[in-house]
Amino acid sequence: MLNGYTFASSASKRNWYCSKKNTGCKAKIHMADDGVTIREAVNEHHHKPPSYYITKSGYMLIPGPYKHKLLMINGFTFAQMGKRHWYCSKRKVGCKARVKMAEDGQTISEVINEHDHERPTYHVTTSGEYIFFRS
Numbered sequence: 306m307l308n309g310y311t312f313a314s315s316a317s318k319r320n321w322y323c324s325k326k327n328t329g330c331k332a333k334i335h336m337a338d339d340g341v342t343i344r345e346a347v348n349e350h351h352h353k354p355p356s357y358y359i360t361k362s363g364y365m366l367i368p369g370p371y372k373h374k375l376l377m378i379n380g381f382t383f384a385q386m387g388k389r390h391w392y393c394s395k396r397k398v399g400c401k402a403r404v405k406m407a408e409d410g411q412t413i414s415e416v417i418n419e420h421d422h423e424r425p426t427y428h429v430t431t432s433g434e435y436i437f438f439r440s
């Protein structure tokens, strides 16, 4: 992600192209050999960034099913239950991981991030949607 826009890598992992390349967007990133340093970036897009965002507390909210947002921390997703409580998306199969927000509803006040399962696998579409892959 660069300036809110998502990119997909080529087979070499050195060239990254805007996730909306198939709609004509020419934005791209060329990485150095270390895979971390950006050597060149053409970051001019003809569209808005995807609809998920990273909050000031560092976690990410992504579009979920049925127009609800999912909270994503370290690749694990949580569903909201009330204003301040979020439970692992695998709660129904016994996972006890959960997040509690402060009174403002945005700042994390407590995290129990011990999961009894692997992280879910998601694919980000060119429109910024997350598609869950069942394993």
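306 is the number of the first residue of the sequence shown in this note's numbering; add one for each residue after it.
Note that CB positions come from ideal geometry on N, CA and C, so glycine has one too.
Who pairs with residue i in a beta bridge, going by DSSP?
i: residue 392; result: 384 and 403
i: residue 455; result: Because the chain spans 306 through 440 in this model, residue 455 falls outside it and cannot be assessed.
i: residue 368; result: 374
i: residue 415; result: 405
i: residue 320; result: 335
i: residue 315; result: Answer by DSSP bridge pairing: none, since residue 315 is not bridged.
Mapping DSSP to helix, strand and coil, what is residue i?
i: residue 341; result: coil
Is it buried or exposed, residue i, if we count other Cβ atoms within 10 angstroms and call 16 or more buried?
i: residue 417; result: exposed
i: residue 406; result: buried
i: residue 440; result: The predicted model places residue 440 with a pLDDT of 46, which falls under 50 and marks its position as unreliable, so this point remains unresolved.
i: residue 395; result: buried
i: residue 334; result: buried
i: residue 342; result: exposed
Looking at residue j and residue i, is the spacing between their C-beta atoms short of 8 Å?
i: residue 348; j: residue 332; result: yes
i: residue 368; j: residue 310; result: no
i: residue 312; j: residue 330; result: no
i: residue 404; j: residue 383; result: yes
i: residue 377; j: residue 365; result: yes
i: residue 410; j: residue 424; result: no
i: residue 340; j: residue 374; result: no
Measuring alpha carbon to alpha carbon, tell me which of the options ends up nearest residue i.
i: residue 327; options: 345, 351 and 366; result: 351
i: residue 401; options: 322, 334, 421 and 375; result: 421
i: residue 346; options: 381, 307, 325 and 380; result: 307
i: residue 412; options: 344, 391 and 427; result: 391
i: residue 419; options: 408, 325, 381 and 320; result: 381
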